[in-house]
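The numbers in the sequence shown follow the working numbering, run straight up by one, and end at 367. C-beta atoms are modelled at their ideal positions from N, C-alpha and C, and glycine is treated no differently. Remember, it's a predicted structure, so these values are computed and weren't measured experimentally. To start, the structure under review is shown below, and the notes come after it.
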Amino acid sequence: MGDTLLEEKGSVEMERVEEVKRKSKEKESRFGKRYGFEIKLHCVKLRLEEGLPVGLLCKEVGVSKSAVHHWVKAYEERGEAGLRERRGFSGKKKKLPGPVREKIVEIKKREPFFGVKRISHLLKRVFFLSASPETVRRTLQEESLIVPSKKKHPANITRPRFFERSTPNQMWQGDIFTFRLGGRYAYLVGMIDDYSRYMVGLELYRSQTADQVIEVYRRGVGEYGVPKEVLTDRGRQYTTWRGTTRFERELGKDRVKHIKSQAHHPMTLGKIERFWKTIYEEFLVRAQFGSFEEAQERIRQWVKYYNHKRPHQGIGGLFPADRYFEIQGEMRKVMEKG
Numbered sequence: 030m031g032d033t034l035l036e037e038k039g040s041v042e043m044e045r046v047e048e049v050k051r052k053s054k055e056k057e058s059r060f061g062k063r064y065g066f067e068i069k070l071h072c073v074k075l076r077l078e079e080g081l082p083v084g085l086l087c088k089e090v091g092v093s094k095s096a097v098h099h100w101v102k103a104y105e106e107r108g109e110a111g112l113r114e115r116r117g118f119s120g121k122k123k124k125l126p127g128p129v130r131e132k133i134v135e136i137k138k139r140e141p142f143f144g145v146k147r148i149s150h151l152l153k154r155v156f157f158l159s160a161s162p163e164t165v166r167r168t169l170q171e172e173s174l175i176v177p178s179k180k181k182h183p184a185n186i187t188r189p190r191f192f193e194r195s196t197p198n199q200m201w202q203g204d205i206f207t208f209r210l211g212g213r214y215a216y217l218v219g220m221i222d223d224y225s226r227y228m229v230g231l232e233l234y235r236s237q238t239a240d241q242v243i244e245v246y247r248r249g250v251g252e253y254g255v256p257k258e259v260l261t262d263r264g265r266q267y268t269t270w271r272g273t274t275r276f277e278r279e280l281g282k283d284r285v286k287h288i289k290s291q292a293h294h295p296m297t298l299g300k301i302e303r304f305w306k307t308i309y310e311e312f313l314v315r316a317q318f319g320s321f322e323e324a325q326e327r328i329r330q331w332v333k334y335y336n337h338k339r340p341h342q343g344i345g346g347l348f349p350a351d352r353y354f355e356i357q358g359e360m361r362k363v364m365e366k367g
């Protein structure tokens with residue numbers, strides 16, 4: 030009889046152990062700890078940068094909706110550090126230090142068009158102060174600098190998948206942006222490094238021909254070296270249906286692979302198109318130029334600011350130069366430490 034009791038007791042203990050294991054696995058699944066950092070970051074970028082619907086994302090990657098929502102929230106609040114495995118995080122809100130609050134208010138008053146994510150990244154990268162986008166939002170609302178807004182739910186549509194090269198100069202994206210300047214059309218011809226979002230070449234012209242495209246490419250190569258690939262659209266300056274263009278022959282001299290983008294394809298010109306939106310909204314629509322030459326010079330200066338002093342949301346609040354010159358590792362440590 031004693032043996033029977035011991036066996037029953039052992040059986041109960043084993044059941045308890047299995048229950049603990051099961052709950053532990055459920056907890057890990059809930060908080061995403063069964064997945065590596067790269068998978069988490071990949072999912073977050075698909076969701077935030079490409080707008081991929083959560084349901085489709087979960088189906089494509091094979092993760093739960095709760096995991097995706099948790100990773101996105103962690104990334105928005107704490108950046109990439111929020112996606113790494115952490116222990117002992119209580120989730121309790123800490124009181125915001127006075128200097129951080131003052132800096133948030135100062136930035137918003139100086140740059141009223143800056144959003145909460147931009148201010149959060151600026152605090153981390155420039156001032157080494159920590160405040161999540163939600164903390165920034167709450168602070169600005171308390172200071173009556175913004176009004177609460179309803180959350181927008183993106184339409185449930187399929188978007189192109191996110192892609193990104195893994196090293197600088199692995200791929201450049203080339204494109205042309207048209208806008209009105211002084212009552213006439215003007216053209217920005219540019220090239221951006223896919224991995225770092227660093228502008229390797231940009232110039233303002235009154236026309237958009239192969240000569241301008243080649244000139245920007247050659248200047249970029251002269252300063253930063255030869256890329257392995259160049260991605261462009263199918264504009265006449267870049268390619269033709271028959272034969273090869275002068276631009277393609279220039280790439281051939283450097284043994285650079287020319288990739289032509291297609292509509293609704295993962296490999297789109299999204300990064301340089303996002304740059305066009307940024308320079309137009311943050312600079313061109315606000316600036317006044319006395320001459321075309323002045324516009325050229327001031328645009329060159331703005332590009333230097335973009336490369337070296339403007340936190341980029343697509344790369345976790347780093348400057349494009351941080352990534353292009355491969356100093357992002359040490360810089361992230363400083364930013365996270367504060």
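When burial is assigned at 16 or more other CB atoms within 10 Å of the CB, is residue i buried or exposed?
i	result
T297	buried
E256	The sequence shown places Pro at residue 256, rather than the Glu named in the question. P256 should be labelled buried.
G230	buried
P177	exposed
E314	The amino acid occupying residue 314 in the given sequence is Val; Glu does not appear at that position. The residue is exposed, with fewer than 16 neighbouring Cβ atoms inside 10 Å.
G111	buried
K306	exposed
R166	buried
I301	buried
P141	exposed
R263	exposed
G299	buried
P126	exposed
I356	exposed
F348	buried
S320	exposed
T164	buried
Y334	exposed
Go to residue i, then tell me how far its beta strand (DSSP E) extends in each direction, as first and last residue.
i	result
L86	That residue, L86, is in no beta strand (DSSP E); its alpha helix (DSSP H) goes V83 to V90.
F206	M200 to L210
L231	M228 to Y234
V314	Here V314 belongs to no beta strand (DSSP E), and DSSP marks it neither H nor E.
Inspect the beta-carbon positions of residue i and residue j and report whether they are closer than 7 Å.
i	j	result
E279	M200	no
P340	R107	no
V218	V245	yes
L260	Q202	yes
G345	E105	no
S173	Y353	no
F276	I221	no
V242	Q266	yes
Y234	Y216	yes
F312	W331	yes
T168	I133	yes
T268	K289	yes
R194	D240	no
L86	L75	yes
G254	N198	yes
V83	K69	no
Against chain D, with Cβ distances strictly below 7 Å, would residue i count as a contact?
i	result
V259	Protein chain content of the structure displayed is limited to a single chain, and chain D is not contained in it.
How many whole angstroms separate the CB atoms of residue i and residue j, which I take to be in contact at a CB cut-off of 8 Å?
i	j	result
R147	Q342	7 Å
V73	V101	6 Å
A103	V129	About 20 Å; that fails the 8 Å criterion.
H337	A350	5 Å
R113	F66	6 Å
Q237	I205	5 Å
L210	A324	6 Å
From which residue to which residue does the alpha helix (DSSP H) around residue i run?
i	result
E302	G299 to I308
F276	R275 to K282
R271	Unbroken run through R271: none, as it is neither H nor E.
K153	V145 to V155
G249	A239 to Y253
A103	K94 to R107
H71	F66 to L77
E404	There is no way to answer for residue 404, as the model of the chain reaches only from 30 to 367.
Grouping DSSP H, G and I as helix and E and B as strand, with all else coil, what is residue i?
i	result
A215	strand
E172	coil
I288	strand
G261	According to the sequence displayed, residue 261 carries Thr and not Gly. Residue state, collapsed to three classes: strand.
L158	coil
E48	Any reading at E48 needs caution, since the residue's pLDDT is 47, under 50, leaving its predicted position unreliable; the model's value is listed next. E48 falls in the helix class under three-state DSSP.
I133	helix
S58	Bear in mind that the predicted position of S58 carries a pLDDT of just 46, short of 50, making it unreliable; the figure below should be weighed with that in mind. If DSSP states are grouped into helix, strand and coil, S58 belongs with the helices.
L347	strand
Confirm the yes/no value for this check: CB of residue i, any heavy atom of the ligand NAD, distance under 6 Å.
i	result
Y335	Of the ligands one can find in the structure shown there are none, so the ligand NAD has no counterpart to examine.
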